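Before any comments, here is the structure.
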Amino acid sequence: MSLVKNQLLTTFAARGVAAGGTFLLSYVLATRVSVQDFGSFMICFSIMIGLQVFASIGTDRATLKFMGVALSNNSRNEVRWIYKQAFIINLIVSALLAILLWLLAPIVSKWFFSTHDLGVSSLRITAFVSPLYTIIYLCNFILKGWGRANVSCLFEIGCISIVLSLMIAIFTMLLEVTLNVVHLMSMLSVVLAIYLSIAVGLVISVYKRSGLLSTNKITFNKKFYGSLPDFLLVGVIFFYTQWGLSIVLGLFETERQVAIFSLGLRVAMVVGFILTVYDSILGPRFSRLHHENDLQALKLLGQKSALQMFCFSLVPSIVFLVWPEWILSFFGPEYTSGEGVLRIMVIAQLVNVMTGSVVLFLLMTDNQKAARSILVYSALAAGAASVILIPRLGAEGAAYSLLLCLVIQNFLAVYIVHKRFGFIIIDWRDVLNFRRKC
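So the sequence shown is residues 11 to 448, counted in the numbering used here.
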């Protein structure tokens with residue numbers, strides 16, 4: 011079995027655990043805390059992730075791209091340069107944003123929370139934990155850049171969710187403590203502090219054991235900084251489609267609607283988790299193949315991975331589309347009204363998976379500006395739709411907005427790849443013919 015297949019299997023297992031962790035956290039929150047506290051926690055959670063996106067200024071995805079180049083050059087100094095720039099930027103900016111949120115917490119609380127004092131306290135804890143999560147997320151991308159996708163998965167929100175879920179279960183089931191959003195955010199801060207020490211230690215250890223050659227020349231310093239605006243914009247738009255809609259929904263609707271939408275999205279992500287598995291592996295490979303100008307291998311890798319992901323996602327998609335109310339009944343009667351949200355989210359994730367890692371393909375092949383434009387157009391369409399639909403349809407309006415965003419985003423990206431590289435990533439005939447010949 012090839013190294014890539016071994017890595018795919020181990021990454022699949024780790025990502026499976028991560029997806030299970032996200033699902034587990036949703037289940038624990040839905041069954042062990044009130045709907046209001048579930049929704050409030052998801053608002054704080056989304057704000058924390060948003061602060062990470064802005065604090066990184068695009069260095070997370072730039073790290074992923076240029077680690078592939080540095081490893082192709084076998085350059086220890088280039089890797090060290092990436093480490094230094096990324097850590098300094100993330101530390102300084104995340105600290106500044108945390109201070110800003112701390113000071114503005116009394117104002118922001120009035121926008122989102124029905125209980126003002128709890129809102130202020132939970133937002134200030136969010137401000138405290140956001141730099142911790144920012145550095146953990148950076149370490150995750152550094153490990154992906156090293157080709158350690160099977161390890162990097164353990165430092166993503168899914169695996170963190172498993173530990174948090176266990177803590178919530180212990181307090182609510184064994185100790186019979188009633189938890190609110192402040193308690194939940196406090197628990198998250200403890201978990202993130204532990205994860206931070208492990209993640210930083212691991213990325214330093216991998217660097218020391220790398221065996222790369224020392225060279226004085228940094229071949230991409232200007233390109234690294236030049237790519238940051240595009241990568242930042244990409245990160246902001248990805249955040250909006252995955253987490254930001256919860257914040258927009260919270261501005262217009264109650265915490266209950268946020269909880270219903272968040273649960274539907276998290277359950278539907280079971281369909282989309284295979285995309286995160288492949289993204290973890292394909293980023294450095296796309297970058298390296300493009301750097302080596304191996305266009306035929308790029309084409310085969312893009313098409314083959316898209317077909318594999320689509321086949322994997324069919325079974326859970328059918329189950330969720332046919333029996334959504336039955337699936338949601340496991341989370342409690344308060345959430346069965348979200349069957350429409352779940353159906354819409356599943357269709358959105360199926361579109362996302364069917365087109366493969368097409369946006370990542372553009373990002374890793376020096377087409378960041380095209381990817382940026384695509385994401386801007388899709389996010390603007392989703393933003394306009396959310397302002398119109400959320401006040402009228404609540405959680406379902408947010409779901410329709412996300413569906414529109416992903417349809418525009420993915421099919422525009424498919425078109426751009428076809429225009430610039432001469433192949434359609436969802437045209438799987440060559441892949442199927444190749445398999446027959448084998």
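C-beta atoms are modelled at their ideal positions from N, C-alpha and C, and glycine is treated no differently.
Treat the numbers as computed from the prediction; the structure is a model and nothing was measured.
Asked, Found
"Given S256, which residues of its chain have a CB within under 6 Å of its CB, disregarding the five upstream and five downstream residues?", "M52, S56, V268, S272"
"To the nearest angstrom, how far is it from the Cα of L450 to the Cα of I436?", "Shown here, the chain extends from 11 to 448; a query on residue 450 therefore has no answer."
"Please say whether S297 and K75 have beta carbons closer to each other than 8 Å?", "yes"
"Can you give me the C-alpha to C-alpha distance between V277 and L184, rounded to a whole angstrom?", "26 Å"
"Tell me, which residues are paired with L3 by DSSP?", "Residue 3 is absent from the structure shown; the chain starts at 11 and stops at 448."
"If we count the other Cβ atoms within 10 Å of its Cβ and call it buried at 16 or more, is I180 buried or exposed?", "exposed"
"Pick from S82, F320, T73: whose alpha carbon is nearest that of I98?", "T73"
"Within 10 angstroms of the Cβ of R158, are there 16 or more other Cβ atoms? Answer buried if so, exposed if not.", "buried"
"Using a Cβ-Cβ cutoff of less than 6 Å, which residues in the same chain neighbour A405 once the five nearest sequence positions on both sides are dropped?", "Q267, I270, F271, V351"
"Quick one, are the C-beta atoms of I400 and E263 less than 8 Å apart?", "yes"
"Let me check one thing: in DSSP terms, what residues is L106 bridge-paired to?", "Paired residues: none, contrary to the question."
"What is the rounded straight-line gap between the Cα of V361 and the Cα of T182?", "38 Å"
"Relative to the C-alpha of L174, which residue among R439, P334, L35, V369 is closest?", "L35"
"Extract the residue ranges of the beta strand (DSSP E) inside the stretch 276 to 352, only unbroken runs of 3 or more that lie entirely within it.", "none"
"Assuming I92 contacts A80 under a Cβ cut-off of 8 Å, what Cβ separation, rounded to an integer in Å, is found between them?", "6 Å"
"Is the stretch 239 to 255 touching the stretch 379 to 387 in the sense that three or more CB pairs, one from each, lie closer than 8 Å?", "yes"
"Does the stretch 405 to 425 come into contact with the stretch 355 to 371, if we say contact requires no fewer than three beta-carbon pairs (one atom in each stretch) closer than 8 Å?", "yes"
"Do F330 and V369 have their C-beta atoms within less than 8 Å of each other?", "no"
"Apart from the five residues on each side of it in sequence, which residues of its chain come closer than 6 Å, Cβ to Cβ, to A209?", "I146, C149, F165"
"Of the choices W112, S220, G274, whose alpha-carbon is the least far from that of V89?", "S220"
"DSSP puts L223 in a beta bridge; with which residues?", "S85"
"Kindly indicate which three-state DSSP category D47 falls into: helix, strand or coil?", "helix"
"If you measure between the beta carbons of A115 and V139, is that distance less than 8 Å?", "no"
"Drop a sphere of 10 angstroms on the beta-carbon of C448, count the other beta-carbons inside from all chains shown, and report buried for 16 or more, exposed for fewer.", "Unreliable positioning characterises C448 in this predicted model, as indicated by a pLDDT of 48, which lies under 50. A coordinate reading is not provided."
"With DSSP collapsed to three states, give me the class of G432.", "coil"
"Which residue wins for smallest C-alpha separation from N84, given the options F341, I228, Y235, L242?", "I228"
"Is S367 helix, strand or coil when you go by DSSP?", "coil"
"From C321, M177, V63, L113, pick the residue whose C-alpha is nearest to that of I9; which is it?", "Residue 9 lies beyond the range of the chain shown here (11 to 448); nothing can be said about it."
"Spatial neighbours of L198 within its chain, please: CB distance less than 7 Å, with the 5 preceding and 5 following residues excluded, ordered by chain position.", "V139, L174"
"For F433, which of K379, L310, I354, A394 has the nearest alpha-carbon?", "L310"
"By how many angstroms is the C-alpha of D47 removed from the C-alpha of P239?", "36 Å"
"For T125, which of A65, L107, N190 has the nearest alpha-carbon?", "N190"
"Would you mind sorting F340 into buried or exposed? The rule is 16 or more other CB atoms within 10 Å of its CB.", "exposed"
"Taking the alpha carbon of A105 as the reference point, which residue from R86, P141, I135, F123 has its own alpha carbon closest?", "P141"
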